[in-house]
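Participant: Those protein sequence lines, which keep their order, are chains A and B. Residue numbers for the first sequence follow my numbering, beginning at 1 and rising by one. Residue numbers for the second sequence follow my numbering, beginning at 1001 and rising by one. Glycine is no exception: its CB is placed at the ideal position from the N, C-alpha and C atoms. Dropping the structure in here first, questions after.
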Amino acid sequence: MRTSVHVSVYTHSLNYVSDRMLRSIHQIIAASGLDVSIFIDQWAVVDRGLTTWMRTRDLQSVHLEIYDSDTDQLVTRWDLNVLYEAGGEDGGFHEDPEAILSAIVKAGHVPARCRYRILATTKEGRPDVEGWSTTSARSVDGMVRQSVGTAVASPDIQATAGYWRKP
Amino acid sequence: MTTIARRFAARPVRTSIEAWAAVRDALCQDNSPAAAEFDRIQGVASSVISSDLPAAHPFVFIGEGPRVRVFMVYDNQALEGEDLDESPLVSSPFQSSWTGWVPALPDEIELVQTHLRRMSDRFVAYNVDHDLPEPQASRQDRSLTLDREAMRRL
């Protein structure tokens, strides 16, 4: 009985965190002045990846890479780092959308010629998920990382946010 | 005009895309063409559900029979199962001509509408600050029809 209750709570944590991460990515794309419809088209694929790898506890980070389409160089990258432990003071479900929104305002708009893609960092041996393929992240050399703090918290999983910018 | 309401559990009981699939299954049942239209807009529907907008501003389906309003329930209410009604419809609104209305904030309506238009002829965005257009009264509306939903609740 206790095992089945915990499995149910873990599923709720997984659903909550993945949904809030998707929402955060949506907000960042829109507030950065980029075309959010591309992400909406990919929603099902991104959701499938996040939920599958959180279920197996293989997901370590989700990245929104924004790059210059002319030079292919990284302009900024948003990271959502996943921790498999309770977050927040009471171990319940919490999110801090204001923290993300404030950080987006500080980060500012990106040039209109920018494009974006979603990446995930996972543990070795993670299961394959349809729609996802192996790739390499663009370099963050010479960039500075800004921490945003805990973006989403649940009884079993939390996600902290940060972004890379040019100094 | 009779209106039927349904209330589906979203986050954290389900992800947004799972919640949309639950709505599709309950409303479309064995109507494959209608279900296919729901699947075409699953991305934009999921993004709307994740915005919490359908807690107060429902998806609305207008076709054969009563108007159907679908709300989403979130967080503790969803966990506790408060006020949920996910039962399949007794009669389908999707037999012939139908429209699905998707809620959108005023500053997002153009984006949502553009996306819907690209994906489906059946779904249209509505501004949550305005009422949906009222359907024109038809010969059918002026006659008596059996309210199957009300009968089911007896």
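Taking a contact to mean a Cβ-Cβ separation below 8 angstroms, would you say A/Gly19 touches A/Ala86 in this structure?
Facilitator: A small fix is needed here, since residue 19 of chain A is Asp in this sequence, not Gly. In this structure, A/Ala86 does not lie closer than 8 angstroms to A/Asp19 by Cβ.
Participant: Taking B/Asp1075 as the query, report the chain A residues whose CB atoms sit under 9 angstroms from its CB, ordered along the chain.
Facilitator: In chain order: Tyr16 and Phe93.
Participant: Beta strand (DSSP E) containing A/Glu65: first to last residue?
Facilitator: Counting along the chain, the beta strand (DSSP E) containing A/Glu65 begins and ends at Leu59 to Asp68.
Participant: Residues of the stretch 1005 to 1027 of chain B with a CB closer than 7 angstroms to any CB of chain A: list them in chain order, please.
Facilitator: Against chain A - using a Cβ distance shorter than 7 angstroms - the residues of the stretch 1005 to 1027 of chain B are Arg1011, Pro1012, Val1013, Arg1014, Thr1015, Ser1016 and Ile1017.
Participant: Just how far apart, CA to CA, sit B/Thr1002 and B/Met1072?
Facilitator: Approximately 20 angstroms, taken between the alpha carbons.
Participant: Three Cβ pairs or more, each shorter than 8 angstroms: is that satisfied between the stretch 158 to 167 of chain A and the stretch 1003 to 1023 of chain B?
Facilitator: The answer is no - the stretch 1003 to 1023 of chain B does not touch the stretch 158 to 167 of chain A, with fewer than three Cβ pairs under 8 angstroms.
Participant: Since I believe A/Thr122 is in contact with A/Gln60 (beta carbons under 8 angstroms), could you give me their beta-carbon distance rounded to a whole number of angstroms?
Facilitator: A/Gln60 to A/Thr122, Cβ: 6 angstroms. Contact.
Participant: Apply the 10 Å Cβ neighbour rule to B/Ala1019 and answer buried if 16 or more other Cβ atoms are within range, or exposed otherwise.
Facilitator: When all chains shown are included, B/Ala1019 counts as buried.
Participant: Using a Cβ-Cβ distance under 8 angstroms, would A/Val144 count as near chain B?
Facilitator: Answer no: the Cβ-Cβ gap between A/Val144 and chain B never drops below 8 angstroms.
Participant: What does B/Gln1042 reach in chain A if we use C-beta pairs closer than 9 angstroms?
Facilitator: The contacting residues are Trp43 and Ala44.
Participant: For B/Ser1091 and chain A, any beta-carbon pair shorter than 8 angstroms?
Facilitator: Output row for B/Ser1091: interface = no.
Participant: Would you grab the beta carbon distance between B/Pro1012 and B/Leu1079 for me? Rounded to a whole angstrom, and I think it's under 8 angstroms.
Facilitator: Their Cβ separation, rounded to whole angstroms, is 7 angstroms, which keeps B/Pro1012 and B/Leu1079 in contact under 8 angstroms.
Participant: Which same chain residues, not among the five before or five after B/Arg1014, have their C-beta less than 7 angstroms away from its C-beta?
Facilitator: Excluding residues within five positions, the ones whose Cβ falls inside 7 angstroms are Ala1022.
Participant: For B/Asn1076, does the count of other Cβ atoms within 10 angstroms reach 16, so buried, or fall short, so exposed?
Facilitator: Exposed, since its Cβ has fewer than 16 Cβ neighbours within 10 Å.
Participant: Against chain B, does A/Val62 count as a neighbour if the rule is that its beta carbon must be under 8 angstroms from one of theirs?
Facilitator: Chain B, which has no Cβ nearer than 8 angstroms to the Cβ of A/Val62, makes this no.
Participant: Just reading off the beta strand (DSSP E) that A/Asp156 is part of, what are its end residues?
Facilitator: No beta strand (DSSP E) holds A/Asp156; DSSP gives it neither H nor E.
Participant: Just how far apart, CA to CA, sit A/His94 and A/Val148?
Facilitator: For A/His94 and A/Val148, the distance between alpha carbons rounds to 15 angstroms.
Participant: Kindly list the residues whose CB is nearer than 8 angstroms to the CB of A/Ala30, restricted to its own chain and excluding five residues on each side of it in sequence; keep chain order.
Facilitator: Excluding sequence neighbours, A/Ala30 sits near Val36.
Participant: When DSSP labels each residue in this structure, what does A/Pro97 get in the three-state scheme?
Facilitator: If DSSP states are grouped into helix, strand and coil, A/Pro97 belongs with the helices.
Participant: Could you tell me which chain B residues have their CB closer than 9 angstroms to the CB of A/Ser37, listed as they occur along the chain?
Facilitator: Under the 9 angstroms cutoff, chain B gives Gly1043, Val1044, Leu1111, Thr1114, His1115 and Arg1118.
Participant: In this structure, what does DSSP give as the bridge partners for A/Gln146?
Facilitator: Note: A/Gln146 sits in a beta bridge opposite A/Tyr163.
Participant: Please name the residue, chosen from B/Asp1107, B/Leu1105, B/Arg1067 and B/Val1112, that lies closest to B/Phe1094 on a Cα-to-Cα basis.
Facilitator: Here the closest residue by C-alpha is B/Arg1067.
Participant: If you check the beta carbons only, do A/Val152 and A/Val17 fall under 8 angstroms apart?
Facilitator: It is a contact, given that the beta carbons lie within the stated cut-off.
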